[in-house]
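Visitor:
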Amino acid sequence: MSNLIKEIKNLPYTAVSHSNMLWNKTGSWRHIKPYYENKIAHCTSRCPCGNNIAEFILSASQGEFQKGYEIIKMTSPLPGVCGRVCYHPCETYCNRGEFDEPIAIQMIERFLADYMSDKGRIIPEIAERKNKRVAVIGSGPAGLSCTYHLALKGYSVILFEAYEKPGGMLRYGIPSYRLPKDVLDREIKDILDAGIELKTNTRLGNDFSLDNLEEYDAVYLAIGSNKSRSLGLSGESADGVFSGLEFLERVNSGEMVKLGKKVIVVGGGNTAIDTARCALRCGSEVTVVYRRSRNEMPAWQEDVDDALEEGIKLVFLTSPTEILFEGGIFKGIRCQKMELGEPDQSGRRRPIPIKGSDFTIRGNNIIVSIGEEPEISFLNESFEVKDKKVVTDFGGFSGVRKVFVGGDLVYKSSATVASAIGSGKSGAESIDFFLRNEEIKAKEEQKITEFEDLNIDYFSPAGKIVLSKSDVNERVKDFSEIVRGVSSEEVIYESERCFSCGLCTVCDNCLIFCPDMAVKRKDTGYEIDYDYCKGCGICFEECPRNVISLEREIKYNGNKRKRKKNK
Amino acid sequence: MAISVKEKRINDQQSLLLEGTYAVAYAVKLCRVKVITVYPITPSSAIAERLAEMVGDEELDAKYIKVESEHSAMASLIGASHVGVRTFTATSSHGLAYMHETLHWASGARLPIVMSNTNRSLGSPWSILAEQTDSLSQRDTGWIQFYCESNQEIFDTIIQSYRIAERVYIPAMINMDAFFSTHVLENIVIPSQEMVDSYLPEFKPKIKIDLNKPSAFGGVAPGDSYFEFKYKMEEDMLKAVDVAVKADNEFEEIFGRKYGIINCYLCEDAETILIMTGTAAGTGRVVIDNMRKKGKKVGLMKIRLFRPFPSRAIIDVLKNKIKIAVIDRNISRGVGGIFAQEIRAAFHNTKYHPPIFGFVAGLGGKDITPEQIENVLNYTIESDYPDREAYWLDIDV
Ligand SMILES: Cc1cc2nc3c(=O)[nH]c(=O)nc-3n(C[C@H](O)[C@H](O)[C@H](O)COP(=O)(O)OP(=O)(O)OC[C@H]3O[C@@H](n4cnc5c(N)ncnc54)[C@H](O)[C@@H]3O)c2cc1C
Ligand code: SF4
Ligand code: SF4
Ligand code: SF4
C-alpha cells in the first residue's frame with residue numbers, strides 16, 4: 064500500500080507521455096485504402112474540345128489569366144470562338160448547377176482569350192520537328208484544330224481551303240454579331256503562325272484530287288457540311304430566292320445584301336435563325352416559317368429568344384407547298400398548316416399536313432434554310448457514306464489509306480463548333496499514332512467527379528455573375544457583337560465560385576483531418592503514408608472535391624498459408 | 031439569501047433582466063472562455079445563440095465552433111482544453127446522452143471543461159420539459175455536478191465552477207431546469223469584468239499541449255498505472271467538496287453572494303426535513319413557511335452539489351432528525367428517485383437511521399405544486415416507515 068501511494072504521488076494527474084507512437088504502425092488495421100487521384104470535372108467530361116475547365120478556372124480565380132489561357136491552348140486553339148459560339152454543354156453539366164447556378168464557364172473562357180488578345184502569341188511548346196507532312200483539307204474549326212495539334216506534335220502541315228479566307232462556317236456561316244471577325248482572325252493567325260502553309264481558293268474535286276496528295280504522309284479531310292438543302296419546289300431559281308448559306312456567306316463577306324421589305328425564312332435550325340437575324344439587320348421585316356412547333360426547333364433556344372426580342376416573327380406548324388412568282392420574280396408562298404404526329408427517327412414529333420388548310424404568305428424574298436449537307440460528289444466508292452456523310456472509326460480513320468476525316472463531314476457528328484475542334488484534335492492524335500506506326504488507341508476512361516461525389520458542406524451559396532447583352536433597339540441596326548464581356552473582377556468572382564471538382568486545390572483539408580497524420584504534402588500533391596493510414600476514410604470524406612479515392616485493401620493471407628504448412 | 035454587497039462594488043455592477051440561458055452566456059463571457067463548441071438543443075439553444083452573437087460582435091474573444099453533434103462538441107473541447115484554454119459548451123437531455131462517451135474521456139483526461147446542461151426529459155415518449163434524469167444518468171462519468179435554483183445562482187455557479195474545476199482538474203456540469211430556468215426572466219446582478227478577473231485568474235494548467243515539448247495524451251496506461259490514475263482522480267474528486275466550499279466562501283468575499291454546497295431553510299429545530307433540488311426548492315420554502323404557521327416542525331434542505339456527493343455536510347444536518355422526505359424530479363428505474371437513494375446510501379454506514387421517504391414528482395415537466403409538497407410532508411409525518419422505495423405523487427400519495 065505505502066509503495067503504491069508513493070508511486071501515485073509521482074504520477075502526473077493526466078496520462079501524458081513524451082515518447083512517440085511511431086512504433087504503432089496503425090497501417091496494419093486498414094481494410095480500405097485511400098489514395099490521391101485527381102479526376103475529371105463533370106464539366107470537362109462534357110466539353111467536346113476536352114478543355115481542362117477546372118484547371119483554367121482555378122488559375123483565373125487566382126488572377127493568373129495567362130496561365131488559364133495557356134491551359135485552354137493545350138486543348139483548343141479557338142477559345143475566343145468557343146467563348147462565344149459554343150453551346151457550352153460544360154455549363155449544362157456543371158456540378159454547381161445542382162447547388163445554385165452553374166459557373167459561367169464560357170464567359171470565363173472568352174475573357175481569358177480576349178484578355179490575351181493584345182499580349183502576343185502564346186502557344187504550347189512544339190515537339191521536335193518530324194520529317195512527315197500532312198495535308199489538311201478544309202479550314203473550318205475541325206481543319207484548324209487538326210492543323211494546330213499536328214503542328215504542336217512537330218508535323219509539317221499544308222492547309223487547303225476552297226474559299227478565299229480560312230475559317231469555314233466560323234467565317235461564312237456564323238454572323239459577326241455572335242462572333243466578331245477580328246476575334247476569328249486573331250485566333251486563326253495564331254494557328255497559322257506555327258509555320259502552316261495555307262492554300263486558299265483551292266477546292267478539292269475542282270483544283271486537285273485526293274490522288275494528287277500522294278506526297279503527303281497523311282490526309283485530314285474536314286470539308287464540313289456546306290450545301291444548303293433545297294425545298295424541292297419549282298421556282299427556287301426565281302429572283303428573290305436565296306439559300307441560307309449563300310445569303311449568310313454574302314452578308315459575312317461584308318455585303319449589304321439588297322432585300323425587299325418583307326422576307327420569309329424557311330427552317331427552324333441555327334442557320335434559319337441567323338439568316339433571319341441577318342435579314343433583319345439588312346433592313347427587312349422577317350417572318351420565319353417552321354413546320355413543327357417551338358419545342359422541336361433545333362436552333363439554340365437562347366438565339367431564338369434573341370430573335371423574337373429583336374422583332375422577328377415565328378410562324379409554327381407551317382410548311383411551304385408552292386413558290387409564287389410573277390415574271391420570274393418571287394411574290395410569296397402557299398403554305399399548309401401542320402399538326403404533330405408520332406415521334407420520328409430524330410425523336411421529334413413528325414409534322415402531318417392538315418387537309419384544306421392552305422394559305423398564302425406574301426413577301427419579297429424567301430431564304431431557304433432547312434439544313435445543310437456535305438458536297439462529296441468527288442469522293443470515290445472506297446469511302447463508306449451514310450446519310451451523305453463519311454463513316455469513320457472512333458479515331459476518325461475513313462478506312463481509305465492514310466485518309467482521316469473530321470468535323471461535320473463525319474456520319475453522326477454532332478455538328479457544333481466545339482465538337483469539330485475536338486474531332487480535329489483526336490484526328491491529329493490518330494494521325495500521330497498512324498505516322499509512328501502505332502495502333503490507334505481509344506482514350507482511357509477517366510474517373511469523373513459528379514455532384515454526388517462532392518462534400519458540399521464546404522461551399523456556400525453565391526449567385527452567378529450577370530451576363531448582359533446590348534440594347535435590343537440598338538443592336539438590330541448593325542452587326543456588332545451582342546453579348547457583352549465582363550471585367551477581370553467579375554471573372555475572379557465567378558471563378559472563385561467553381562468547386563474545382565476532382566482537382567486538388569492544395570487546401571490541406573485531408574492533411575488536417577487525418578487522425579493518424581498519414582497524409583503528407585509533396586511537391587506533386589499529397590501522399591498517404593500507408594504505414595500509418597488505418598483506412599478510416601476521413602480524408603476521402605473531407606476532401607471537398609473528390610480528389611481522394613478509396614479502394615478495398617488487398618488482403619494479406621501469407622500467414623494463413625504458413626499456418627497451414629505448419630500443420 | 032443574505033446579500034451584503036459591499037458599497038464600492040455596487041457601482042461596478044450592472045443589473046439585467048435575463049432568462050436563464052442568457053445568464054449562462056453572460057457568465058461564460060465574463061469568464062473569458064476561449065473555445066466554445068455548440069450543437070443547439072431546446073431549451074438550451076439560446077445560450078449558443080447569445081454566445082455566437084457575442085463572439086460575432088467581438089465582445090468575446092473566443093473561437094466558436096459549430097459542430098455536427100454533441101459528441102463532436104465535447105470531443106472538440108477535449109482537444110481545445112488540452113491546449114490549455116478555458117472551454118465551454120451547453121447542452122440538454124438527448125444531447126447530453128449523446129455525449130456520454132466523451133464525458134468519461136474529458137474527466138479521465140482531467141480537463142476542467144465547464145458545461146451547462148438544461149435538465150430536460152428524455153424520450154420516449156417525447157418531451158422537452160423539465161426533468162433531471164438526463165444529467166443524473168451521467169453521474170458516474172466523473173464530472174462535478176451542480177443543480178441550481180435561480181438564474182443568479184446559475185450565473186454565479188458557472189463562475190465558481192471554473193475556479194473549482196481548474197483547481198482539481200475535473201470538469202464541471204451546471205444543471206438548470208428546462209423552461210423554469212431557461213425561459214424565465216430574472217433580475218441578474220452582473221459583476222464587472224474586473225471582479226470576475228480577480229476571482230478567476232488566467233487558466234494555466236500544469237500539463238498541456240506544448241509544441242516545444244511534443245507529448246502524447248491519454249495513451250495506453252500499462253500495468254497498474256490505469257488503476258493509479260483512477261485512484262488519483264477519485265482523491266481529487268473527493269477533495270472537490272472542500273474546494274467547492276472554499277470557492278463559495280471566496281466568491282462571497284468578492285461578490286457578496288454565497289450558496290453553500292447544500293442550503294438549509296429552517297432546519298435547525300425541524301423534526302422532519304424535506305429535501306429538494308432545482309427550481310422546485312423555491313416552492314418548497316413557501317410550503318415550509320405555511321406549515322410552520324400551522325405549527326409543524328418542518329425544514330427544507332436544497333442540495334446544490336451532487337458530485338462529489340457532500341455526504342458529511344448532509345448527515346451533519348440530518349443526523350438527529352426524526353424523518354426525512356426527498357422529492358425527486360428524476361428516476362432511476364427500479365429503485366426510485368436518485369437523490370433519495372444517494373441520501374439513504376450516505377446514512378448507511380452511520381449510526382443514524384431516520385426513515386427516508388422517497389417521492390417521485392414532476393417528471394416530464396409536470397408542475398410540483400404546493401399542495402403536493404404539503405401532502406408529502408404530511409404523509410411523512412403521519413407514517414412510521416415508508417413501505418416502498420418511492421411514492422409517485424398524485425398516484426401513490
Ligand atoms: C449559320 C450557322 C450557324 C452556326 N452556329 C453555330 C453555333 O453558334 N455554335 C456551334 O457550335 N455551331 C454552330 N454551327 C455549326 C458549326 O458551324 C459547324 O458544326 C462547324 O463549323 C463544322 O466545322 P467543320 O470544320 O467540320 O466544317 P466547316 O466549318 O463547314 O468548314 C469546312 C471548310 O472546308 C472548306 N471546304 C469545303 N469543301 C471543300 C473542298 N472541296 N475543298 C477545300 N475546302 C473545302 C469550306 O470552305 C470550309 O472552310 C452553325 C452553323 C451554321 C451554318
Ligand atoms: S469549348 Fe464549349 S464546352 Fe468547352 S469549355 Fe468552352 S464553352 Fe465549355
Ligand atoms: S463547379 Fe467548376 S469544376 Fe465543377 S463542374 Fe462546375 S465549372 Fe466544372
Ligand atoms: S482535401 Fe484539399 S488538399 Fe486534400 S486532396 Fe482534396 S483538394 Fe487536395
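If you read the sequences in order, they're chains E and U. Reading the first sequence from the start, the letters are residues 64 to 630 in the numbering used here. Reading the second sequence from the start, the letters are residues 31 to 427 in the numbering used here. Glycine included, each C-beta is placed from N, C-alpha and C at the ideal position.
Could you give the first and the last residue of the continuous beta strand (DSSP E) run that contains E/Gly404?
Guide: The count along the first sequence starts at 1 and reaches residue 404 of chain E at position 341. Note, E/Gly404: beta strand (DSSP E), 392 to 406.
Visitor: Pick helix, strand or coil for E/Asn333, following the three-state DSSP scheme.
Guide: By one-based count along the first sequence, residue 333 of chain E stands at place 270. DSSP places E/Asn333 in helix when its eight states are reduced to three.
Visitor: Hey, is E/Tyr47's beta-carbon within less than 8 Å of any beta-carbon in chain U?
Guide: The requested residue 47 of chain E is not part of the displayed model; chain E covers only 64 to 630.
Visitor: Just verifying my parser: in three-state terms, what is the DSSP assignment at U/Ile162?
Guide: Within the second sequence, numbered from 1, the residue matching residue 162 of chain U stands at position 132. For the record, residue 162 of chain U in the displayed sequence is Gln; it is not Ile. Here U/Gln162 sits in coil by DSSP.
Visitor: Between which two residues does the alpha helix (DSSP H) carrying U/Thr410 extend?
Guide: Indexing the second sequence from 1 puts residue 410 of chain U at position 380. First-last of the alpha helix (DSSP H) with U/Thr410: 400 to 412.
Visitor: Does the CB of E/Glu154 have a neighbour CB from chain U at under 8 Å?
Guide: Within the first sequence, residue 154 of chain E is the residue found at index 91, counting from 1. No, E/Glu154 does not count as interfacial toward chain U.
Visitor: Can you list, in chain order, the stretches of the beta strand (DSSP E) that have 3 or more residues and sit fully within the segment 170 to 257 of chain E?
Guide: Whole beta strand (DSSP E) segments, 3+ residues: 196 to 200, 219 to 223.
Visitor: Have a look at the DSSP bridge pairing and note the partners of U/Gln44.
Guide: As a first step, residue 44 of chain U is located in the second sequence; it is residue number 14 there, counting from the start. Its beta-bridge partners are U/Ile220.
Visitor: Rounded to the nearest angstrom, what separates E/Met84 and E/Asp579 at their Cα positions?
Guide: Position 21 of the first sequence, counting from 1, holds the residue named residue 84 of chain E. Position 516 of the first sequence, counting from 1, holds the residue named residue 579 of chain E. C-alpha separation (whole angstroms): 10 Å.
Visitor: Regarding E/Asn25 and ligand 3, is the C-beta to nearest heavy atom distance less than 7 Å?
Guide: A query on residue 25 of chain E cannot be resolved here, the shown segment of chain E reaching from 64 to 630 and no further.
Visitor: To which residues does DSSP link E/Trp363 through a beta bridge?
Guide: Locating residue 363 of chain E in the first sequence gives position 300, counting from the first residue. According to DSSP, which records beta bridges pairwise, E/Trp363 is partnered with nothing at all.
Visitor: What's the gap between the Cα of U/Met31 and the Cα of U/Tyr289?
Guide: Stepping through the second sequence from its first residue, residue 31 of chain U is reached at position 1. Stepping through the second sequence from its first residue, residue 289 of chain U is reached at position 259. At U/Met31 the pLDDT is 45, less than 50, meaning the model places this residue with poor confidence; the figure from the coordinates comes in the next sentence. Going from the Cα of U/Met31 to the Cα of U/Tyr289 covers about 8 Å.
Visitor: Once you ignore the five residues that flank U/Asn405 on each side, which residues in its own chain have a CB closer than 8 Å to its CB?
Guide: Against the second sequence, residue 405 of chain U aligns to sequence position 375. Closer than 8 Å at the Cβ level, and outside the excluded window around U/Asn405, lie Leu423, Val427.
Visitor: Just grab the DSSP bridge partners of E/Phe467 for me.
Guide: Within the first sequence, residue 467 of chain E is the residue found at index 404, counting from 1. BP columns for E/Phe467 point to E/Tyr283, E/Phe460.
Visitor: With a 10 Å radius around its C-beta and 16 neighbouring C-beta atoms as the bar for buried, classify U/Gly367 as buried or exposed.
Guide: As a first step, residue 367 of chain U is located in the second sequence; it is residue number 337 there, counting from the start. Counting Cβ neighbours within 10 Å, U/Gly367 comes out buried, since at least 16 surround it.
Visitor: What are the uninterrupted segments assigned as alpha helix (DSSP H) that are 4 or more residues long and contained completely in the segment 118 to 172 of chain E, given in chain order?
Guide: Fully enclosed alpha helix (DSSP H) runs of 4 or longer: 128 to 138, 142 to 148, 152 to 155.
Visitor: At a Cβ threshold of 8 Å, is E/Thr89 touching chain U?
Guide: Translated into the one-based positions of the first sequence, residue 89 of chain E becomes position 26. It does not: the Cβ of E/Thr89 has no partner Cβ on chain U nearer than 8 Å.
Visitor: Compare the Cα-Cα distances from E/Lys376 to each of E/Leu273, E/Ala335, E/Gln408, E/Lys394 and report the closest residue.
Guide: Stepping through the first sequence from its first residue, residue 376 of chain E is reached at position 313. Here the closest residue by C-alpha is E/Ala335.
Visitor: Going along the chain, which residues of its own chain have a beta-carbon closer than 8 Å to the beta-carbon of U/Gly248, five neighbours each way excluded?
Guide: Position 218 of the second sequence, counted from the start, is the residue given in the question as residue 248 of chain U. These residues qualify, in order along the chain: Trp135, Gly138, Ala139.
Visitor: To be precise: take each residue of the segment 70 to 85 of chain E, compare its Cβ to all Cβ atoms of chain U, and keep it if any distance is under 8 Å. Which residues remain?
Guide: Answer in chain order: Glu70, Ile71, Leu74, Pro75, Tyr76, Thr77, Ala78, Val79, Ser80, His81, Ser82, Asn83, Met84.
Visitor: Taking buried to mean at least 16 other C-beta atoms within 10 Å of its own C-beta, is E/Ser409 buried or exposed?
Guide: Here the question's residue 409 of chain E lines up with position 346 in the first sequence. Exposed, since its Cβ has fewer than 16 Cβ neighbours within 10 Å.
Visitor: Among U/Lys262, U/Leu81, U/Leu152, which residue has its Cα nearest to the Cα of U/Tyr199?
Guide: Numbered from 1 along the second sequence, position 169 holds the residue referred to as residue 199 of chain U. Comparing Cα positions, the closest option is U/Lys262.
Visitor: From this set, U/Ala120, U/Glu258, U/Lys59, U/His112, which residue's C-alpha is nearest U/Ala76's C-alpha?
Guide: Residue mapping note: residue 76 of chain U aligns to position 46 of the second sequence, counting from 1. The shortest Cα separation from U/Ala76 among U/Ala120, U/Glu258, U/Lys59, U/His112 belongs to U/Ala120.
Visitor: With 16 as the cutoff for other CB atoms within 10 Å, does E/His151 come out buried or exposed?
Guide: As a first step, residue 151 of chain E must be located in the first sequence, where it is residue number 88. Buried, since its Cβ has 16 or more Cβ neighbours within 10 Å.
Visitor: On the CB-based measure, 16 or more other CB atoms within 10 Å of its CB, does E/Asp177 come out buried or exposed?
Guide: Stepping through the first sequence from its first residue, residue 177 of chain E is reached at position 114. Buried, by the Cβ-count rule.
Visitor: If you draw a straight line from the alpha carbon of E/Pro383 to that of E/Ile494, how long is it in whole angstroms?
Guide: Numbered from its first residue, the first sequence carries residue 383 of chain E at position 320. Numbered from its first residue, the first sequence carries residue 494 of chain E at position 431. So the two alpha carbons sit approximately 46 Å from each other.
Visitor: Residues of chain E with CB closer than 9 Å to the CB of U/Phe247, please, in chain order.
Guide: Within the second sequence, the letter at position 217 stands for residue 247 of chain U. Thr77, Ala78, Val79, Ser80, listed in chain order.
Visitor: Counting only C-beta atoms, is U/Glu258 closer than 8 Å to chain E at any point?
Guide: Locating residue 258 of chain U in the second sequence gives position 228, counting from the first residue. Interface residue, yes.
Visitor: I need the boundaries of the beta strand (DSSP E) containing U/Gly329, first residue and last residue.
Guide: Mapped onto the second sequence, residue 329 of chain U falls at position 299. Where U/Gly329 is concerned, the enclosing beta strand (DSSP E) stretches over 328 to 333.
Visitor: What is the rounded straight-line gap between the Cα of E/Cys567 and the Cα of E/Val529?
Guide: The residue labelled residue 567 of chain E in the question sits at position 504 within the first sequence. The residue labelled residue 529 of chain E in the question sits at position 466 within the first sequence. E/Cys567 and E/Val529: Cα-Cα distance of roughly 28 Å.
Visitor: Does the segment 452 to 460 of chain E come close enough to the segment 341 to 356 of chain E that 3 or more CB-CB pairs lie under 8 Å?
Guide: Touching, no.
Visitor: Kindly indicate the opening and closing residues of the beta strand (DSSP E) around E/Lys262.
Guide: Along the first sequence, read from residue 1 onward, the residue named residue 262 of chain E stands at position 199. Start and end: 260 to 262.
Visitor: Tell me the rounded alpha-carbon separation between E/Ile429 and E/Asp248.
Guide: If you number the first sequence from 1, residue 429 of chain E lands on position 366. If you number the first sequence from 1, residue 248 of chain E lands on position 185. For E/Ile429 and E/Asp248, the distance between alpha carbons rounds to 31 Å.
Visitor: Suppose you measure from the CA of U/His458 to the CA of U/Met306; what does that come to, to the nearest Å?
Guide: Any property of residue 458 of chain U remains undetermined from this structure, which presents chain U solely from 31 to 427.
Visitor: For ligand 2, is there any heavy atom lying closer than 7 Å to the beta carbon of E/Glu172?
Guide: Counting from 1 along the first sequence, the entry for residue 172 of chain E is found at position 109. Yes; taking the cut-off as 7 Å, the Cβ of E/Glu172 has a heavy atom of ligand 2 nearer than that.
Visitor: Just tell me which of U/Glu83, U/Glu264, U/Glu282, U/Leu159 has its CA closest to the CA of U/Ile66.
Guide: Against the second sequence, residue 66 of chain U aligns to sequence position 36. The option with the nearest alpha carbon to U/Ile66 is U/Glu83.
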